[in-house]
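Residue 81 in the working numbering sits at position 50 of the first sequence, and the numbers go up by one each step. Glycine residues also receive a C-beta, built at the ideal position from the N, C-alpha and C atoms.
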Amino acid sequence: MIDLRLVREHPDLVKASQRTRGADESLVDVLLAADAARREAVRRADDLRAEQKAASQAVKKASPEERPAVLERAKALAAQVKEAEEAQRATDAALREAHLAIPNVVHDDVPPGGEDDAVTLRTVGEVPTYDFPVRDHVEIGELLGAIDMERGAKVSGARFYFLTGPGALLEFALAQLAISRAVAAGFTPVIAPALVRPEPMEGTGFLGAHAEEVYKVERDDLYLVGTSEVPLAGMHMNEVLDLGAQPRRYAGWSSCFRREAGSYGKDTRGLIRVHWFDKVEMFSYCRPEESAAEHQRLLAWEEEFLQALEVPYRVVDIAAGDLGTSAARKFDIEAWFPSQGTYRELTSASDCATFQARRLNIRYRDEDGKPQTVATLNGTLCAIARTIACLLEVHQRADGSVHVPKALRPWLGGVELLTPGMTLTAAVPPTAA
RNA sequence: GGAGGCUUCGCCUAGUCCGGUCUAUGGCGCCGCACUGCUAAUGCGGUUUGGGUUAAUCCCCAUCCCGGGUUCAAAUCCCGGAGCCUCCGCCA
């Protein structure tokens, strides 16, 4: 939810934001009207309630002969209050609806335009050339005995997979690397629940436009999260946080589930787009004035992680029209996929400013001790399945073997190369053995 | 899965049986003032959050886990839900 005060005081700013998103700017006027209507209804109900309270007090003090008349008046007022409250509820609902209809106000530096107008901020690393026909990650994964798509489909259906042998070890290696780097950077590591109640789901905005994307466990009124952002944001809902000098940072590991409705035919092969994967997600709570700087820091950590994986990538600044509802700005990192001859999204970092926290009611105390809404940010440190796909492709060799980035070796028994037919026997750092 | 207990304005707590005097008690913490050579102690005052109104103050409304209901009137009575705790059953 955007800040209502901003809408009242600077509707033009919000309208401009709507325009750059390619969204309907008349929604701002709808919101303003709903706000005015609600305030009017609130005033009326409050006034009547005050009157009714007084009348109610009078009942008690009334003498026996006055009593029937006073009681009559109190009853009449009670009826009016009830009516006024119903009217107010209607305006409350209308305001909420109008309020929710408006996505976050975009950051000034966000490029205008839509999906194709993302601005590439930088390209890092050499795009590798191969003097042999490149295989895609499914082929390599099968050669290595790392990925089993067929049995994934047999057991769970399309877009499911088994990671086996070196694939399974790669998952843990990536998770370990991601978490240990995050911890070194000062993040609190978190293992978060993947099944959540409606409130955090709604508060993070996933029941709005993305509702079709979400798995629901009907019987228990719980949802499978599509990203660790949900439990990490929900963790502090309805709290007033003690924000010290530093933002509060969590690195959460959890499974993620996505129905991928509406993506039929897209990336049907392999680990690129799956119904379930595991992820290490960074999540920050900070003062609103710090969020832009924190956004850059999250991005830097993402980049350093990919550099450690020796993967060529580019950073793109997502255009306004392609931003999610709650993001004021979003950077994606796209890594090189040789089988596709292009960069594909691997991670994403969003600055939600106060949009998400306002709905989740997460605040901090400012210098005057007043509660204020915090800013929240999230960034993928490692979406594991897709990262495995990328690693297998980028680091492939002619014989089907795969180069292991130095940073991952400690968790893969020190091996420098995964080769078809090999059995990894040591999944611990050689030094620890 | 079953049974019971609990949830009060930062923390602890009184109040709930028996509706109005609750505009919620007291302690701790915190803030201010006074006193004191300084500290401590003491005294006095303040200290939930949100909304409405306002130039600001004042004031008004809501808020006793949440949502409904009964009533002129609900922290208090009734129904539903959540969370925590205990016990039984089952279980990795």
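Under 6 Å Cβ to Cβ from Val59, same chain only, skipping five residues before and after it: list those, please. Pro42, Val45 and Lys46
Near Cys421, what residues of its chain come up, given a Cβ to Cβ distance below 7 Å and the 5 sequence neighbours on each side ignored? If the five residues before and after Cys421 are omitted, its C-beta is found closer than 7 Å to the C-beta atoms of Val342, Ala366, Phe368 and Leu377, all from its own chain and listed in chain order.
DSSP state of Thr418, grouped into three classes? helix
Terminal residues of the beta strand (DSSP E) in which Met266 lies: Where Met266 is concerned, there is no enclosing beta strand (DSSP E), given that its DSSP letter is neither H nor E.
How should Ile419 be labelled, buried or exposed, when 16 other C-beta atoms within 10 angstroms of its C-beta is the threshold for buried? buried
Simplified DSSP assignment, three categories, for Gln427: Residue state, collapsed to three classes: strand.
Alpha-carbon to alpha-carbon, Leu449 and Lys437: 13 Å
Inter-residue Cα distance where the pair is Asp66 and Arg120: Distance from the CA of Asp66 to the CA of Arg120, rounded to the nearest whole angstrom, comes to 13 Å.
Residues near Leu354 in its chain [Cβ-Cβ closer than 6 Å; skip 5 each side]: So the qualifying residues of the chain are Lys361.
Member of Ser322, His434, Leu37 and Ser370 whose CA lies at the smallest distance from the CA of Val136: The residue with the shortest Cα to Cα distance from Val136 is Leu37.
Please report how far the alpha carbon of Met313 lies from the alpha carbon of Asp55, in whole angstroms. Near 32 Å, if we compare the C-alpha coordinates of Asp55 and Met313.
Residues that DSSP places opposite Met313 in a beta bridge: Ala282 and Gly410
With a CB to CB cut of under 6 Å and the five nearest residues on each side skipped, what residues in its chain are close to Ser285? Ala223, Ala225 and Ser259
Beta-carbon separation of Val261 and Pro229 under 7 Å? No, the pair does not count as a contact, with Cβ atoms beyond the cut-off.
Ignore the nearest five residues each way along the sequence and tell me which others in Asp123's own chain have a CB closer than 7 Å to its CB. Correct list, in chain order: Arg69.
Could you give the residue range of the alpha helix (DSSP H) that holds Val221? Val221 -> not in any alpha helix (DSSP H); beta strand (DSSP E) instead, spanning Thr219 to Ile222.
When you compare only the Cα positions, how much space is there between Val26 and Glu128? Lying before the first or after the last residue shown, residue 26 is absent from the chain, which here runs from 32 to 464.
Return helix, strand or coil for Ile349, following the three-state DSSP convention. Residue state, collapsed to three classes: coil.
Quick check on the burial criterion: 16 or more other C-beta atoms within 10 angstroms. Buried or exposed for Gly301? buried
C-beta atoms of Lys105 and Ser94 nearer than 7 Å: The sequence given here places Ala at residue 105; Lys does not occur at that position. No, the pair does not count as a contact, with Cβ atoms beyond the cut-off.
Per-residue burial, Gly14 [other beta carbons within 10 Å of its own, 16 or more giving buried]: Outside the displayed span of the chain (32 to 464) sits residue 14, for which this structure offers no information.
State buried or exposed for Pro164, treating a residue as buried only when at least 16 other CB atoms are found within 10 Å of its CB. exposed
At what residues does the beta strand (DSSP E) containing Val271 begin and finish? Its beta strand (DSSP E) spans residues Glu270 to Leu272.
Please report the residue range of the alpha helix (DSSP H) in which Ile393 lies. Taken as a continuous stretch (DSSP letters only), Ile393 belongs to no alpha helix (DSSP H), being part of the beta strand (DSSP E) at Ile393 to Arg396.
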